[in-house]
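Worksheet: one structure, shown below.
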Amino acid sequence: MKFVLLIIVFIAGFAANPLIAQNLNNTPVVASATARSSLTGKITDIVTGEALAGASVYLPDLRTGATTNAQGIYSFKNIPGGKHLVEVSFTGYAPLIESINLSAIGQKDFALTRSYVENEAVTVTGVSAATSVKRTPVPVNIVKKDELFRAASTNLIDALSRTPGVSQVSTGPAVSKPFIRGLGYNRVVIVNDGIRQEGQQWGDEHGIEIDEYNVSKAEILKGPASLMYGSDALAGVVNIISIVPVAEGTIKGNLFSNYQSNNRLRGFHADLGGNQNGFIWGAYGSYKAAADYKNKYDGYVFNSKFNEKAFGGYLGLNRQWGYTHVYASMFDQHVGLVEGDRNEAGRFIKPVDLDGVAEEEEATHDDFTSTDPFIPRQRIRHFKVATDNSFRLGDDRLTFTLGFQRNQREEFGNVLDPKEQELYFDLKTINYNLQYHFAEKNHWKTSIGVNGMQQNNQNKGEEALIPEYDLFDVGAFIYTQKEINKLTLSGGLRYDHRSLNSKELGEDGDLKFEQFKRKFDNVSGSIGLSYRATKDLTLKFNMARGFRAPSIPELASNGAHEG
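Numbering (this note's numbering), first residue to last: -14 to 548.
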């Protein structure tokens, strides 16, 4: 109900604003008849003039791309007009980023320069519309798919931790959490395909529930980003982009396999996608399994094994009025919990059930090489369905994302009853993000928006670390950016409100968690500049005020947990 009322109030606010109301009333909702809905051109080598076949042309704000044919020709159809950022790239050449007005031109050629160093990129993190990394005042690192697999890693965060300023806290090969400049947990926001990832961020025992093999690229923003993402983005944001539709008029598939000798990790991934006349679709599936890892001090570390599977897909429509995409994913992971218990000989031991009595035995070679975790172990499931939409309103643009997530974490620790759920968190989250982007005028880009989430947590296990609760977040913001030759100025303000209703819980006749209600309000903002002094030197300055509301364990913790 709160969410529906919020949307109604926000739309009513548009109608009440004279400037916006005039724009909406005087401009047709769909693109005008004179606006172009196609773009074509040729990609060549700037020195030789040779056509570059297989070059990529991507429009980040429109979520669509094209690939050049044997003659170096690319073509877009069913795209809205207006000014948009274009990213042109080809292996062995420096990427080219340019802003073009699709309503004014229907043909645009590009010439690329040979270079094996990618000194330019496009980011969508921390800004309201796609922007050159060198134009945004906040520091953003781009990690592409080929870089993720350049060195051995056991999970996504492990791979990203090689980025300067980023580290990880790990409790096993499958469990890593990102830290940005020394801050982590509820101080870093994870975003996946436009939806804020919500699990049990406060806990040590599991990582992020995203399929590593399906990631196209990751953008890491280092610094307070509460302006665009609200509470918890105090240290920064890790934006993981998985879904990138294939080029217009193509059907494309990939097969991927991975093997690592230390823990016998074996991984498999397959995906297939198509784009025909603006109708896009795709599906993927991944599987990963690993036995216990080995080090020079312990040999095999008992119960450090894990296995996981993930699958999902998407459907969408790209048209002159904009686009609408729907996608769904499922992540299912089984992880062993390392306790490190040993016998007098210094060898690892495992708990066993001997005729109804809990005993311990020495772990064998077969135990170390199995990929099925022993007790204690946990299972993490994460289901997500979301819709991502962009609608052209004259020269302006309205974007809207809405997502539902269900995160289930179960912990099993009773060897006499392996199916007994000692812990079971069932977290359901609705995320929403509505933004209105005004047309660029005199190099000003301005957006206003409202976003947040509604959340409910239930305890279904034998024990409870945190109480059951309901949470509602809402935040409204304004963001603007001005380009003056080599100088870019940007900034904005945001107001946040969080309501938290924690429920009473008794345990063995005692009151473990008291019922309480809390509210948190905050005003945050940022201002910064970026100056491109030379082709290879960009100077940046940024000041921001972040915001983090207390997490539920901080507000409700009661006593030690022996797990």
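Quick reminder that beta carbons are idealized off the backbone N, C-alpha and C, glycines included.
Closest residue to Arg172 among Met438, Gly331, Pro163 (Cα-Cα distance): Pro163
Three CB pairs or more closer than 8 Å across the region 84 to 101 and the region 393 to 405: no
8 Å Cβ cutoff met for Ser271 and Asp178: no
Simplified DSSP assignment, three categories, for Ile28: strand
Separation of Leu474 from Ser511, as counted between CA atoms: 11 Å
Backbone secondary structure at Ala16 - three-state DSSP: Its pLDDT being 39, under 50, Ala16 is placed unreliably by the model, and nothing is read from it.
His367 to Asn527 span [Cα, whole Å]: 35 Å
Pro163 - DSSP class collapsed to helix/strand/coil: strand
Burial state of Ile205, where buried means 16 or more other Cβ atoms lie within 10 Å: buried
8 Å Cβ cutoff met for Asn260 and Ala220: no
Coil, strand or helix - Phe95 by DSSP: strand
Distance, Val222 Cα to Val174 Cα: 5 Å
Given Ser211 as reference, the closest of Gly184, Leu302, Val112, Thr121 once Cα atoms are compared: Val112
Segments assigned alpha helix (DSSP H), at least 4 residues, entirely inside the region 277 to 361: 350 to 354
Ala218: CB within 7 Å of a non-hydrogen atom of the ligand PLP: As presented, the structure is devoid of all ligands, the ligand PLP included, so that no description of it is given.
For Leu540, the three-state DSSP class (helix, strand or coil): helix
Start-end ranges of the beta strand (DSSP E) lying completely within the region 431 to 481, minimum 3 residues: 454 to 469
The region 411 to 424 touching the region 181 to 189, judged by at least three CB pairs closer than 8 Å: yes
Backbone secondary structure at Leu408 - three-state DSSP: strand
Identified DSSP bridge partners for Gly270: Ala255, Phe296
Asp381 (DSSP reduced to helix, strand or coil): strand
Counterpart residues of Ser515 in DSSP-defined beta bridges: Thr473, Lys525
Other residues of its chain near Gly192: CB distance less than 7 Å, five sequence neighbours each side excluded: Asn140, Ile142, Ala159, Val160, Ser161, Lys162
Contact check, Ser486 vs Asp455, beta carbons under 8 Å: Per the sequence shown, residue 486 should be read as Asn rather than Ser. Yes; because the gap between Cβ atoms is below 8 Å, this pair is in contact.
Which of helix, strand or coil DSSP assigns to Arg172: helix
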